[in-house]
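Protein sequence lines correspond, in order, to chains Z and A.
Per UniProt numbering, the first sequence runs over residues 1 to 302.
Per UniProt numbering, the second sequence runs over residues 1 to 302.
Cβ coordinates follow ideal geometry from the N, Cα and C atoms, glycine included.
There are 2 protein chains.
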Amino acid sequence: MLQLPKQVTIREVGPRDGLQNQSEEVATADKVEWINRLSETGLRYIEISSFVHPKWIPQLKDAREVAGAIRRDPGVTYAALVPNRKGLGAAIEKNVDEVSVFMSASETHNQKNINKSITETYPVLEEVVQEAKQAGKTVRGYVSTVFGCPYEGDIDPEAVFRVSERLLEMGIDELSLGDTIGVADPKQVDEFLTAMSGRLPFSRTAMHFHNTSGMALANVLVSLNHGITIFDSSLGGLGGCPYAEGASGNLATDDLVHMLSRMGIETGIDEEKLADAAAYIQEKVHGELPSHRVQIANRKGG
Amino acid sequence: MLQLPKQVTIREVGPRDGLQNQSEEVATADKVEWINRLSETGLRYIEISSFVHPKWIPQLKDAREVAGAIRRDPGVTYAALVPNRKGLGAAIEKNVDEVSVFMSASETHNQKNINKSITETYPVLEEVVQEAKQAGKTVRGYVSTVFGCPYEGDIDPEAVFRVSERLLEMGIDELSLGDTIGVADPKQVDEFLTAMSGRLPFSRTAMHFHNTSGMALANVLVSLNHGITIFDSSLGGLGGCPYAEGASGNLATDDLVHMLSRMGIETGIDEEKLADAAAYIQEKVHGELPSHRVQIANRKGG
């Protein structure tokens, strides 16, 4: 009864979305080494950092150094978040392959996160997208709080559609729809994607789930069943959203790849190399990583 | 696109399947108090213990004491596992409402777990089922290693069907199909249930998933979509299978109820009372319980 695709593309967001929420500092050299190891797993996309002001996210203040030091695999797209033209300038200077802009489907979350209303955010992002395109970069657009907001609660799917449509009109190449606080349930995802079918370009729409309540893989399954083939995830389940209470736990790349592999869906990723890269970053951060793969490996003493 | 039922029945197996794998001893009085608290959550079925020889499962050696001491809520079915006529005798003497027999779809797992071949097991269970029925008890039949065996690997769905059919012919009232080592993936569950549709009585078939690799809720979702409405789970995710490496983690009742509740599916269970009962047993066992609900509560300092 399930309709499943043959192939799935994974966007590894751990070095950015994972590390930005770590309480302890990870050395620049360790980030570089981790990204180099991720490049060898078969992943074709790595979001390496965020060119935001260090005041906002001190954990990623070394974005320039990281971008300058990593080895570039020609088959891998190295991407970074940019909040504005200044960040874009730095990203271009450091020659990242793709930049990501971001905003929220929730007015309050957008205001608290970006310090602007949704309407005020559009022209800022439009300029960034245009300049990025002129510089020959592809652009990704993140929409957050798609399935719920820590301040506003439920979010109208039409609000998500309006923001997504504007980003697509600006010329983004890929849309990423984020369950920022990890509240999405499979029925909600099913209804949302049913409502968006034929209106959003699913072939270049990624789903970005958090595993806060353990439903991320179920939500992935529903999305696959709707023809979505791009997913964001963070190796080991590193990270989450620091602004939302109890919202830890990005969907773990290793758990996602394991499920897809079990179902015969190709990702091009080597699970053993992925486990090695997870073990590497496990040593650099405080506490056991939440992914099931890491926990199974730790129990085996591996 | 999802077809979801309006109601789901949950079989709480924590006091048996959860506690049987605890390395530290939980006092009989604490088990009794936990079961009494579970009775107040809205759960309508609690598997309280196993009447097996203490040599096999020393953690449950107090099955008689537990069965004798718990408060009986007339709306709750109190069940227990029985491996043979001797166990059944004790269960009848202690007046449990329902007994469960068990065997494996894997020849090797059955041999190692029950010390008999599958063929040798049938007459033993047949006698137990008949005697239980004569004593006015309902009977549940567990089939283990349905989606994979630690010794044999893949299990032919037809082997599962043959064992299930025999148990149904003996007169069991409900069948429970167990993913003993937690390897089932959603595609496998989908294909299995498609193959069993119209052959097994889904209205009295329960699925028993483990969350070893984080796929349990996705597997539940697929099962719901096939019309399965009975699920086994263990509060807090307590327990697993001690005989299978890396197979910790029963599906957590609290996470299951949370997902079902978010999807508007009724279980009759009060999530707050469930959280209280989870917090109670959390204090009696070593280490943090794996359920997402418990972990969110712990992070909030609740």
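- Here Ala278(Z) is near Leu289(Z), since their CB atoms are less than 8 Å apart.
- Less than 8 Å separates the beta-carbon of Ser234(A) from that of Ala252(A).
- Rounded to whole angstroms, Phe147(A) and Thr9(A) show a C-alpha spacing of 22 Å.
- A residue is called buried once 16 or more other Cβ atoms fall within 10 Å of its Cβ, and Thr180(A) is buried on that count.
- The alpha carbon of Gln3(A) has as its nearest neighbour, out of Ala275(A), His292(A) and Ile265(A), the alpha carbon of Ile265(A).
- Taking a cut-off of 8 Å for Cβ pairs, the segment 266-274 of chain Z and the segment 216-225 of chain A do not touch, as fewer than three such pairs fall below it.
- For Asn225(A), the C-beta contacts it makes with chain Z under 7 Å involve Met1, in order along the chain.
- Residues of the segment 252-266 of chain A with a C-beta less than 8 Å from any C-beta of chain Z: Ala252, Asp255, His258, Met259, Arg262, Met263 and Gly264, listed in chain order.
- Ala132(Z) is classed as buried because its beta carbon has at least 16 other beta carbons within 10 Å across all chains shown.
- Closer than 8 Å to the CB of Met215(A) there is at least one CB belonging to chain Z.
- Between Pro186(Z) and chain A, the shortest Cβ-Cβ separation is below 8 Å.
- Closer than 8 Å to the CB of Leu4(A) there is at least one CB belonging to chain Z.
- Distances from the CA of Gly239(Z) to each of Asp232(Z), Gly18(Z), Trp56(Z) and Gln130(Z) were compared; the closest alpha carbon is that of Gly18(Z).
- Residue burial annotation: Pro150(A) is buried, with at least 16 other C-beta atoms found within 10 angstroms of its C-beta.
- Residues of the segment 187-209 of chain A with a C-beta less than 7 Å from any C-beta of chain Z: Lys187, Asp190 and Thr194, listed in chain order.
- In the DSSP annotation of this structure, Ala27(Z) is not part of any alpha helix (DSSP H), being labelled neither H nor E.
- His208(A) sits in a strand when the DSSP states are folded into three classes.
- Excluding sequence positions up to five before and after Met170(A), its CB lies within less than 7 Å of the CB of Leu125, Glu126 and Val129, all in the same chain and listed in chain order.
- Bounds of any alpha helix (DSSP H) do not take in Ala135(A), whose DSSP letter is neither H nor E.
- Within chain Z, the residues placing a beta-carbon under 7 Å from that of Leu221(A) are Pro186, Ala218 and Leu221, ordered along the chain.
- Ranked by Cα distance from Glu12(A), the first of Gln295(A), Asn250(A) and Arg262(A) is Asn250(A).
- Scanning chain A for C-beta atoms nearer than 8 Å to the C-beta of Thr212(Z) yields His292 and Ile296, reported in chain order.
- Per DSSP, the beta-bridge partners of Leu200(A) are Ser197(A).
- Between the C-alpha atoms of Ile172(A) and Thr138(A) there is a straight-line separation of about 7 Å.
- Exclusion of the five residues before and after Arg64(Z) leaves Ala90 and Lys94 as the residues of its chain whose Cβ lies within less than 7 Å of its Cβ.
- The beta carbons of Val76(A) and Ser39(A) sit closer together than 8 Å.
- If only uninterrupted alpha helix (DSSP H) runs of at least 4 residues are considered, those enclosed by the segment 249-299 of chain Z are 253-262, 271-282 and 292-299.
- Annotation: Phe192(A) to Pro15(Z) spans about 38 Å, alpha carbon to alpha carbon.
- Here the alpha carbon of Lys284(Z) sits roughly 17 Å from the alpha carbon of Arg293(Z).
- Collapsing the DSSP output to three states places Tyr45(A) in a strand.
- Separation of the CB atoms of Leu177(Z) and Thr205(Z) is rounded to 7 Å, and the pair is thereby assigned contact status at 8 Å.
- Ala80(Z) sits in a strand when the DSSP states are folded into three classes.
- Arg299(Z) counts as exposed, since fewer than 16 other beta carbons sit within 10 angstroms of its beta carbon.
- Of all alpha-carbon atoms in Phe209(A), Arg199(A) and Ser203(A), the one lying nearest the alpha-carbon of Gln188(A) is that of Phe209(A).
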